[in-house]
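K.L.:
Be aware that the sequence shown starts at -5, since it is given in the working numbering, and climbs by one per residue.
Using N, Cα and C, we set each Cβ at its ideal position, and we do this for glycine too.
Just so it is clear, the structure is predicted and the values come from calculations on it, not from any experiment.
A single structure is presented below for examination.
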Amino acid sequence: MDITADQRDAWSKRPENGEWEAIIAPYYKRPDRVADLEALHEIARFNGLMDTRSKYDQLNAGQVAMNIRNRLRVLWKQGVLKLPK
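Pasting the structure below:
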């Protein structure tokens, strides 16, 4: 699945997405803005999502990041997301 620059830009301009990214990005994005998948897997594990490696190992890095972030977002909306200190 390819995401165009226009699609990415439109996604980032939606207020709810910007709020979520502002919360989660500092924990998984490297200074060069590339996703640190290891960090995402650790955040998922910290929140009880133990299956992220086996469940998403056939996906590309962008799809893995998207799926984990989406599952973490549910926890955030429920007010139970735990982030590392």
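#1: Am I right that I18 and R63 are in contact with their C-beta atoms under 8 Å? What's the rounded C-beta distance?
#2: Using 8 Å for Cβ pairs, my map puts L77 next to A38. What's the rounded Cβ distance?
#3: What's the gap between the Cα of V68 and the Cα of W14?
#4: Would N41 and Y50 qualify as a contact pair, given that the criterion is a beta-carbon distance under 8 Å?
#5: Classify A4: buried if its beta carbon has 16 or more other beta carbons within 10 angstroms, exposed otherwise.
P.N.:
According to the structure data:
#1: Here residue 18 is taken as the residue at index 24 of the sequence shown, counted from 1. Here residue 63 is taken as the residue at index 69 of the sequence shown, counted from 1. The Cβ separation is near 6 Å, so the contact holds.
#2: Position 83 of the sequence shown holds residue 77. Position 44 of the sequence shown holds residue 38. The pair is not a contact, with the Cβ atoms about 11 Å apart (cut-off 8 Å).
#3: Here the question's residue 68 lines up with position 74 in the sequence shown. Here the question's residue 14 lines up with position 20 in the sequence shown. If I take the Cα positions, the gap works out to 11 Å.
#4: Within the sequence shown, the letter at position 47 stands for residue 41. Within the sequence shown, the letter at position 56 stands for residue 50. No, the pair does not count as a contact, with Cβ atoms beyond the cut-off.
#5: The residue given as residue 4 occupies position 10 in the sequence shown. Label assigned to A4: exposed.
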